[in-house]
Each structure stands twice: as C-alpha cells, then as structure tokens.
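Asker: Taken in order, these protein sequences are the chains called A and B. Sequence positions in the first sequence follow our numbering and run 1 to 373. Sequence positions in the second sequence follow our numbering and run 1 to 319.
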Amino acid sequence: MANIFGGFKAVMYKEALHLRRDSVALVIGLIVPLAQLAVLGFGIDTNVRHVATVVLDEDHRQESRDFLNRLSNSDTFYLKQYVSSDRELHEAVVSGRARVAIEIPPDFSDRLRKGRTAQILVLVDGSDSSVAGQAINVAFGLGLDESLRRVLTPGQAMPIDVRAQLLFNPDSRSPNFFLPGLTAVLLLSVTTFLTAFSIVREKERGTLEQLFVTPVRPLGLLLGKIVPYLVIGYFELCLILTLMRWVFFVPIHGSLITLLVLSIPYLFVALAFGTFISTTVRSQSEAMQKAFLIFIPSIFFSGYIFPRENMPAIFYWFSFLVPATFYVDITRGVILRGAGVRELWADGLVLTVMGVGLLLLAARRFQRKSINS
Amino acid sequence: MIAAIETREVTKRFGALTAVSEVSIRVEQGDVFGFLGPNGSGKTTLIKMLTGLLPVTSGEAFVDGLNVMSDPEQVRRRIGYMSQQFSLYTDLTVLENLRFYGRVYGLRNQLLSERIGAVMAINHLEPYRDVISGRLSGGWKQRLALGCALLHEPRILFLDEPTAGIDPVARRELWDLLFDLSSRGITFFVTTHYMDEAERCNRLAYIYNSRLIAFGSPGEIKQLPEVNPAGARRVEITCSDLMRALHSTAKIEGVRSATAFGQNLHALVDDTLSDGALIAAIEAAGLPGATVRTISPTLEDAFVAITNQHRAALESIRG
Numbered sequence: 001m002a003n004i005f006g007g008f009k010a011v012m013y014k015e016a017l018h019l020r021r022d023s024v025a026l027v028i029g030l031i032v033p034l035a036q037l038a039v040l041g042f043g044i045d046t047n048v049r050h051v052a053t054v055v056l057d058e059d060h061r062q063e064s065r066d067f068l069n070r071l072s073n074s075d076t077f078y079l080k081q082y083v084s085s086d087r088e089l090h091e092a093v094v095s096g097r098a099r100v101a102i103e104i105p106p107d108f109s110d111r112l113r114k115g116r117t118a119q120i121l122v123l124v125d126g127s128d129s130s131v132a133g134q135a136i137n138v139a140f141g142l143g144l145d146e147s148l149r150r151v152l153t154p155g156q157a158m159p160i161d162v163r164a165q166l167l168f169n170p171d172s173r174s175p176n177f178f179l180p181g182l183t184a185v186l187l188l189s190v191t192t193f194l195t196a197f198s199i200v201r202e203k204e205r206g207t208l209e210q211l212f213v214t215p216v217r218p219l220g221l222l223l224g225k226i227v228p229y230l231v232i233g234y235f236e237l238c239l240i241l242t243l244m245r246w247v248f249f250v251p252i253h254g255s256l257i258t259l260l261v262l263s264i265p266y267l268f269v270a271l272a273f274g275t276f277i278s279t280t281v282r283s284q285s286e287a288m289q290k291a292f293l294i295f296i297p298s299i300f301f302s303g304y305i306f307p308r309e310n311m312p313a314i315f316y317w318f319s320f321l322v323p324a325t326f327y328v329d330i331t332r333g334v335i336l337r338g339a340g341v342r343e344l345w346a347d348g349l350v351l352t353v354m355g356v357g358l359l360l361l362a363a364r365r366f367q368r369k370s371i372n373s
Numbered sequence: 001m002i003a004a005i006e007t008r009e010v011t012k013r014f015g016a017l018t019a020v021s022e023v024s025i026r027v028e029q030g031d032v033f034g035f036l037g038p039n040g041s042g043k044t045t046l047i048k049m050l051t052g053l054l055p056v057t058s059g060e061a062f063v064d065g066l067n068v069m070s071d072p073e074q075v076r077r078r079i080g081y082m083s084q085q086f087s088l089y090t091d092l093t094v095l096e097n098l099r100f101y102g103r104v105y106g107l108r109n110q111l112l113s114e115r116i117g118a119v120m121a122i123n124h125l126e127p128y129r130d131v132i133s134g135r136l137s138g139g140w141k142q143r144l145a146l147g148c149a150l151l152h153e154p155r156i157l158f159l160d161e162p163t164a165g166i167d168p169v170a171r172r173e174l175w176d177l178l179f180d181l182s183s184r185g186i187t188f189f190v191t192t193h194y195m196d197e198a199e200r201c202n203r204l205a206y207i208y209n210s211r212l213i214a215f216g217s218p219g220e221i222k223q224l225p226e227v228n229p230a231g232a233r234r235v236e237i238t239c240s241d242l243m244r245a246l247h248s249t250a251k252i253e254g255v256r257s258a259t260a261f262g263q264n265l266h267a268l269v270d271d272t273l274s275d276g277a278l279i280a281a282i283e284a285a286g287l288p289g290a291t292v293r294t295i296s297p298t299l300e301d302a303f304v305a306i307t308n309q310h311r312a313a314l315e316s317i318r319g
C-alpha cells in the first residue's frame, strides 16, 4: 500500500501553522515585492525628454531663431544655455552639463535665402545610447520637416504620408510596458525563495531526516510544501495586479480570468524550482545563492527588459529555458494586447510541463537520500 | 520467535571509507538493547541503515522480520526513531507536534485524539500541551520526541543518544519510562555513552572502529576472557594524589594496566603481586596511606580492556 503522496495533507497543514506563527516575516515577504513595484512604477521612464542642450548661434537671424524654437518645442530638447564660442560649446558637452550641442554657422540664413544647402552641426554625447538615438532622430526629423516645407509649394500635399499608430500602448507609457513583465520577477521572491528556504530549514534542523523515517513520501512532502506557498503567491499576484491597475493605471485589455488561470502554471514552476534548489543545497545561504540563478536570467533573458529578438542566438535559445520568458509573454499578452487562451495556451502548457518535470526531479533526488520504495 | 532486529554481516561504505564493517547482531523482542562505542565508530550509521535512512552496502538487515532494503515501507510503519539532535518543530506547540506526527502515520479524528491522550499520559506531557516546544527544557523536549515516536504504536524504537545533554534526574526518569514501555513489549535499540545506562540494558553491543568487538549481556561482557586474563586480578586503589598515583602505579613491576576511575584507580595486576607488596610499592613512590582491594570488573573496565586489546591488535597488523 505504497502511497506516493504519503503525508501530503499533514505536511500542508503543518506548513500553514508555521506561516501563521511567523506572520510578521510573511507580511514583510509580501510587502517587499510591492515596494519594488512602486519604486519601478514611479521611477522608470524610458521615454527621452528634456535633454540638456547647449547652443552656439552665430547667425542670430529670423531663420536660425525659428529653427531653435522648433527644437525647443519638440519636448525632446531643453535649450539650457547659449554660448558664444566653439570652445565653450565643447566644454559644455565634455563636462556633462549638456548632452547635445547645436552649432548654427553665421551663413545659415544667407544660404537658406539663396536656396543653397544650409548646415547645422549637432554634437551628441553618445555615452547613453537611448538618449543619443532619440536626440539624433528628432534633430534629423526637424531638419527634414523644415527642408520639405521649403521645397514644397504652399498648399501642395506630401507625396507620401506615413502615419504610425502605436497599438496597445498608445501613450508609450513606460509603466504599461514594464510592470506586466516585472510581475514575473516579483513573484519569484514569494515562491522560489520561500519554498526553498522552508525545505532547507528542515534539513538544517534535522526534521527532514525525522520525516524520512515516517511514511511521508517525497512527493507528498514537496506538494505539501508547495500548496501553501501557491496560495501566498496567488495572493501576492492579486496585490500586484491591484497596484498596477489602480495606482499606476495600467489598463488590462484582456480577461482577468485568463490571466489568473495562466498564472497558476507559472507559480507552480517557480515553486517546483524552489523545491529542486532545496535538494541541491545544505544551508539557507546556499539556497539564496542558487535561487539567484533563476532570478537573474528571469530579469535579463525573459524579455522583461531587453527584447529577446535582439539577443545573440545562444541567449535567444537559452531564454526558452527560463520560465519567466513564457510568463512575460502571458502577462504582456493579456494586459497589453488583450490576448486570450487561444493565443497563449502554448505558454501555459510549456510552464506546466516544466513544473511537473522539476517537481519529479526534486522528488527523485530526495528519494535517493533514503532507500527506494 | 522472530528477532526484533537481526543483521548479518552488515557493511556500509562511503567511497573508500568503511563506516560499518560486517556487523552481525540479534536483538530479541522486548529487549532494551544498548549500542555502545566511541564517537565516529559507526553507531549512527548502523541506526540509519536499520531505519531506512541509508542503504546497506552489503550484508542483510531485518527489522521485525522484514528486510530493510526490500520492504522499507512496512519497516517504517513498525519503527519509531529519535535522532541525536532534537528534531521536532520548535515553533509549534507540544500538541501541534503530536498532531502532525500522528497525521503523518495516517491517524485521524477519534483515533488520533485517543493516541495523543495516551502518549501525553505516559510522558506526563498534559501540562505542556500548549507550550511552544522550543521553550521546553532538554528533558521535556526528549519526552515530547519520544511521544511523537510512540504515537503510531511502533514495535521497535531506535533512540540515538536520547540522554545526551539532559540533566541526571531527567535522564533517570527517561530510562524508567523506557523500561515501563519495554515491559509492554516494545523493543528498544539505544545508543549511549553512559555506563550506568548500559548497565541497565538486557544486552549490549560494543562497536569500535566500525567493527563489532563485544556482544552480550552486561554480565557476559564482564566475564569475557579479554577482560579477565589468566594469572591476573583487578584491584581498586584508593589514595590521595590520583594523577601522581596513576603514573607511579603504571610503572610498578607486576601492574599490567591502570586507569583512573572516579576518585580511585582501577588496575589489572599479576596474581603474584600481593596487596601488601602493591601498597609498599606505592608508598615507595612517595604516596603513603593507599588502600587496595580486589574487585570484579565494571562495565567500563571491560570496555577499556577490550578496546585496548583491539587497538594493540590493529597496531601490530599495521606494524
């Protein structure tokens, strides 16, 4: 009468008692990810605005002033300082006081009036690539726009009119893009970390050995450990979604039910990973280090920060081994694109397979510690 | 009758290290079996093999007639285990710990409360039922651990140094409890370093350097020829300066060995050396007022003698 889930209910109930007794630690564990969410939600803005700009205008006439006005109206540039020499212009960029330096030569207006090509020099500090890229694009765009206005006869329409429309995130708001992906990372701390710690603690105290002399079987033990933390992870998810929706105003385009259902396999993988880690370590500090082995790739390879399409091939393929990759796809899919189960079922399936695999692996490693039965 | 525990040349190797080497023992049902030996000699390893925590490398081991390697599931239901360190949940109460272990063995509702009631009565744990177990003193922690190990009414209990680090009164009470339980038919397999505890066991095994070197009742062990060599007798010497006396006595012609034993010396001397001659020799070494009397060996004398002989044999092999 070998029950492979032996001890499941007893372990689950006991684990809930531990959590209740140490409720302070639990509350802190729940608050920390929310604080991280708040910091990133308020703090991160990848849109480039108000780039400090220094200007050397040697022309000082209507045409040059018009162009500078357009620059300053673009919202990208903030004309911080006007200087009177080349040397000062360079100094301002080197010292870091300005990211962009614009030089308008003395013959700017003359050349424009004579219909010859007038030149503007734009010096860009390349040390921050996203700022530099945006500054160059806007400067080019303004130049092109100005040129077209002069070439076209008044009233003549543009030959080609390209109109880009940003779907799903029309305002290009950073929180809309970052927070759904961040959920995948934040959930790890109440799932992978907490389960790993709770099992390793039993190793350290010798209670795990005591359990292996009883009819408790590895799968019963591991599932009994997982279920309470699944509930906590789920609760944390609801808190994160609440904060995201009503504090950071990230609209949820898809169905909340779909998101909640597809979150279960991700929480399960994260928990199973915690149990797996616990079989490979002896102390809680060692467990902490190993847990970062999943934490770091979840940040950098899941597509949460860096688009996976831009990764070198080896990292791109590696990202398929990171559970967060699939969950970032799920959260962005449901929250931003309004995708449903029809589009995202494969992600859920992959996560489920990963979770079951990890759990069985963990159980097998435990089994080998005692005699096989 | 089936032996409660039987091992046949059980061996455990960890890589090149042999932790337990060809140990064969037989423990009868209802025995209080004492398992002794220095630290690191293989006591805990043997217990772990018998309780299914470690696989046996070679040889066979049976618990309650069941092979521990082929039927671990059934073995687990018939045994209880109390490890060296306190391994219960220190943040749970006495009652919560008992309930958890009861549930682990599949006890439910009425049966669970009955067993918990019985175990708390035997161990006198009722006043502590709602105390967080981490706050109990050493002796009460051991009673709780024993209680948890008894819930499923095991036939055999393995106790690994159950009295290490608890006070003498609690130690004595725990042993009284073991005998009470043993009279109800439970077999005990106990490791200990205390000779007074060993003295109370029905049967003893002494393991040294991973090998079994003595096996039998305390009386039988004290009668072993290694302990009582021909042409020699054992004496107890009482005198003032114990350490000086130990050094001087060992050098006296006709003294084979001498050991400090509490406030006295125990020495193995040739039959030809009379009490008077021994006292004279001690006085000649500058220690007046010594008294000598012939004694029968204690259990500790026996183990010291057996260990020394074994060590000498090992050294002669190694050259």
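Glycine is no exception: its CB is placed at the ideal position from the N, C-alpha and C atoms. The structure presented is a predicted model; accordingly, all values stated were derived computationally and were not measured.
State buried or exposed for H247(B), treating a residue as buried only when at least 16 other CB atoms are found within 10 Å of its CB.
Answerer: As a first step, residue 247(B) must be located in the second sequence, where it is residue number 247. H247(B) is exposed by the Cβ-count criterion.
Asker: Please decide whether R365(A) counts as near chain B, where near means a Cβ-Cβ distance under 8 Å.
Answerer: Your numbering for residue 365(A) matches position 365 in the first sequence. At a cut-off of 8 Å between beta-carbon atoms, R365(A) makes no contact with chain B.
Asker: Using 8 Å as the threshold, is the C-beta distance between L268(B) and R256(B) below it?
Answerer: The residue given as residue 268(B) occupies position 268 in the second sequence. The residue given as residue 256(B) occupies position 256 in the second sequence. Yes, the pair counts as a contact, with Cβ atoms nearer than the cut-off.
Asker: Please state if the CB of G138(B) and the CB of G165(B) are separated by a distance shorter than 8 Å.
Answerer: Stepping through the second sequence from its first residue, residue 165(B) is reached at position 165. Stepping through the second sequence from its first residue, residue 138(B) is reached at position 138. In this structure, G138(B) lies closer than 8 Å to G165(B) by Cβ.
Asker: What are the residues in the region 91-123 of chain B lying within 8 Å of chain A by C-beta distance?
Answerer: D91, L92, E96, F100, Y101, R103, V104, Y105, G106
Asker: According to DSSP, is I371(A) part of a helix, a strand, or is it coil?
Answerer: Residue numbering aside, residue 371(A) sits at position 371 when the first sequence is read from its first letter. Reliability fails at I371(A), whose pLDDT of 47 lies under 50, so the model's placement of it is uncertain and the value that follows must be treated cautiously. Coil.
Asker: Can you say whether D75(A) is buried or exposed, counting buried as having 16 or more other CB atoms within 10 angstroms of its CB?
Answerer: Position 75 of the first sequence, counted from the first residue, corresponds to residue 75(A). Exposed, because fewer than 16 other Cβ atoms sit within 10 Å of the Cβ of D75(A).
Asker: Span of the alpha helix (DSSP H) holding A149(B)?
Answerer: Reading the second sequence from its first residue, position 149 is the one you call residue 149(B). Per DSSP, the continuous alpha helix (DSSP H) segment holding A149(B) begins and ends at 138-150.
Asker: Hey, is the region 91-105 of chain B in contact with the region 113-129 of chain B, meaning 3+ C-beta pairs nearer than 8 Å?
Answerer: yes
Asker: Using C-beta distances below 7 Å, list every residue in its chain close to Y78(A), excluding the 5 sequence neighbours before and after it, in chain order.
Answerer: For the purposes of this step, residue 78(A) is taken as the residue at position 78 of the first sequence. By the criterion of a C-beta distance shorter than 7 Å, Y78(A) is surrounded in its chain by H50, V51, A52, T53, once the five residues flanking it on both sides are discounted.
Asker: With distance defined between alpha-carbon atoms, name the residue in I5(B), L46(B), A3(B), L36(B) nearest to F14(B).
Answerer: Translated into the one-based positions of the second sequence, residue 14(B) becomes position 14. Cα-wise, what sits closest to F14(B) is L46(B).
Asker: Are the beta-carbon atoms belonging to T191(B) and K43(B) less than 8 Å from one another?
Answerer: The residue given as residue 191(B) occupies position 191 in the second sequence. The residue given as residue 43(B) occupies position 43 in the second sequence. Yes; because the gap between Cβ atoms is below 8 Å, this pair is in contact.
Asker: Determine the direct distance from the alpha carbon of P215(A) to that of Y89(B), and round the result to whole angstroms.
Answerer: Taking the second sequence and counting its residues from 1, the one referred to as residue 89(B) is at position 89. Taking the first sequence and counting its residues from 1, the one referred to as residue 215(A) is at position 215. Computed Cα separation, rounded: 18 Å.
Asker: Measure from the alpha carbon of L112(A) to the alpha carbon of each residue in D66(A), R99(A), S84(A), then state which is nearest.
Answerer: On the first sequence, residue 112(A) is found 112 positions in, with the first residue counted as 1. Among D66(A), R99(A), S84(A), the Cα nearest to that of L112(A) belongs to D66(A).
Asker: For Y327(A), name the three-state secondary structure that DSSP assigns.
Answerer: Here the question's residue 327(A) lines up with position 327 in the first sequence. Three-state result, Y327(A): helix.
Asker: So, do the region 349-364 of chain A and the region 258-277 of chain A have three or more beta carbon pairs nearer to each other than 8 Å?
Answerer: yes
Asker: Specify, as a first and last residue, the run of the alpha helix (DSSP H) that I207(B) falls within.
Answerer: As a position in the second sequence, residue 207(B) is number 207, starting the count at 1. It is not in any alpha helix (DSSP H) - I207(B) instead sits in the beta strand (DSSP E) that spans 203-208.
Asker: Quick check: V227(B) and A145(B), are their CB atoms within less than 8 Å of each other?
Answerer: For the purposes of this step, residue 227(B) is taken as residue 227 along the second sequence, with counting starting at 1. For the purposes of this step, residue 145(B) is taken as residue 145 along the second sequence, with counting starting at 1. Contact: no.
Asker: How would you write the range of the alpha helix (DSSP H) that Y128(B) sits in, first residue to last?
Answerer: One-based indexing of the second sequence puts residue 128(B) at position 128. Neither: Y128(B) is in no alpha helix (DSSP H) and is coded neither H nor E.
Asker: Going by DSSP in three states, K14(A) sits in which element: helix, strand or coil?
Answerer: Sequence index remark: in the first sequence, residue 14(A) carries index 14 (1-based). K14(A): helix per DSSP, three-state reduction.
Asker: Can you tell me whether DSSP reads T294(B) as helix, strand or coil?
Answerer: Sequence index remark: in the second sequence, residue 294(B) carries index 294 (1-based). Three-state DSSP puts T294(B) in a strand.
Asker: Using CA coordinates, which residue listed in A118(B), V119(B), I5(B) is at the minimum distance from R26(B)?
Answerer: In the second sequence, residue 26(B) corresponds to position 26, counting from 1. Taking each of A118(B), V119(B), I5(B) in turn and checking the Cα distance to R26(B), the smallest one comes out for I5(B).
Asker: If I follow the unbroken beta strand (DSSP E) through Y82(A), where does it start and stop?
Answerer: Numbered from 1 along the first sequence, position 82 holds the residue referred to as residue 82(A). Per DSSP, Y82(A) belongs to the beta strand (DSSP E) from 77-83.
Asker: Going by DSSP, what residues sit across from L144(A) in a beta bridge?
Answerer: Locating residue 144(A) in the first sequence gives position 144, counting from the first residue. Note: L144(A) sits in no beta bridge, so no partner.
Asker: Using a 10 Å radius around the Cβ and a threshold of 16 neighbouring Cβ atoms, would you call P170(A) buried or exposed?
Answerer: Taking the first sequence and counting its residues from 1, one reaches residue 170(A) at position 170. It is exposed - the Cβ of P170(A) has fewer than 16 other Cβ atoms within 10 Å.
Asker: In terms of residue numbering, what span does the beta strand (DSSP E) encompassing I279(B) cover?
Answerer: Position 279 of the second sequence, counted from the start, is the residue given in the question as residue 279(B). In the DSSP annotation of this structure, I279(B) is not part of any beta strand (DSSP E); the continuous alpha helix (DSSP H) holding it starts and ends at 275-284.
Asker: With 8 Å as the C-beta to C-beta threshold (strictly closer), list the residues of the region 204-231 of chain A near chain E in chain order.
Answerer: Although the question refers to chain E, the structure presented lacks it and instead comprises the protein chains A and B.
Asker: What is the residue span of the beta strand (DSSP E) that L243(A) lies within?
Answerer: In the first sequence, counting from the first residue as 1, residue 243(A) sits at position 243. For L243(A), no beta strand (DSSP E) segment is defined; the enclosing uninterrupted segment is the alpha helix (DSSP H) at 218-246.
Asker: On the three-pair Cβ rule with 8 Å, is the region 76-84 of chain B touching the region 144-162 of chain B?
Answerer: yes
Asker: Between C201(B) and G34(B), how many whole angstroms is the CB-CB distance? I'm expecting something under 8 Å.
Answerer: Numbered from its first residue, the second sequence carries residue 201(B) at position 201. Numbered from its first residue, the second sequence carries residue 34(B) at position 34. With a Cβ gap of about 3 Å, C201(B) and G34(B) count as contacting.
Asker: Does any CB atom of chain B fall closer than 8 Å to the CB of I371(A)?
Answerer: Counting from one through the first sequence, the residue named residue 371(A) turns up at place 371. Any reading at I371(A) must be qualified, since the residue scores a pLDDT of 47, below 50, and its modelled position is unreliable; no value is offered.
Asker: Please name the residue in P297(A), V231(A), K203(A) whose C-alpha comes closest to that of F366(A).
Answerer: As a first step, residue 366(A) must be located in the first sequence, where it is residue number 366. Closest by alpha carbon: K203(A).
Asker: List the residues of chain A that S87(B) touches, going by C-beta distances under 8 Å, in chain order.
Answerer: As a first step, residue 87(B) must be located in the second sequence, where it is residue number 87. Chain A residues near S87(B): R205, G206, T207, E209, Q210.
Asker: Relative to the alpha-carbon of L267(A), which residue among T242(A), C238(A), S64(A), A38(A) has its alpha-carbon at the smallest distance?
Answerer: Along the first sequence, one-based indexing puts residue 267(A) at 267. Answer by Cα proximity: C238(A).
Asker: Please classify N73(A) as buried or exposed, where buried requires at least 16 other C-beta atoms within 10 Å of its C-beta.
Answerer: As a first step, residue 73(A) must be located in the first sequence, where it is residue number 73. It counts as exposed.
Asker: Can you find the residues in the same chain that come closer than 8 Å, C-beta to C-beta, to I336(B), ignoring five residues on each side of it along the sequence?
Answerer: Since the first residue of chain B shown is 1 and the last is 319, residue 336(B) is not available in this structure.
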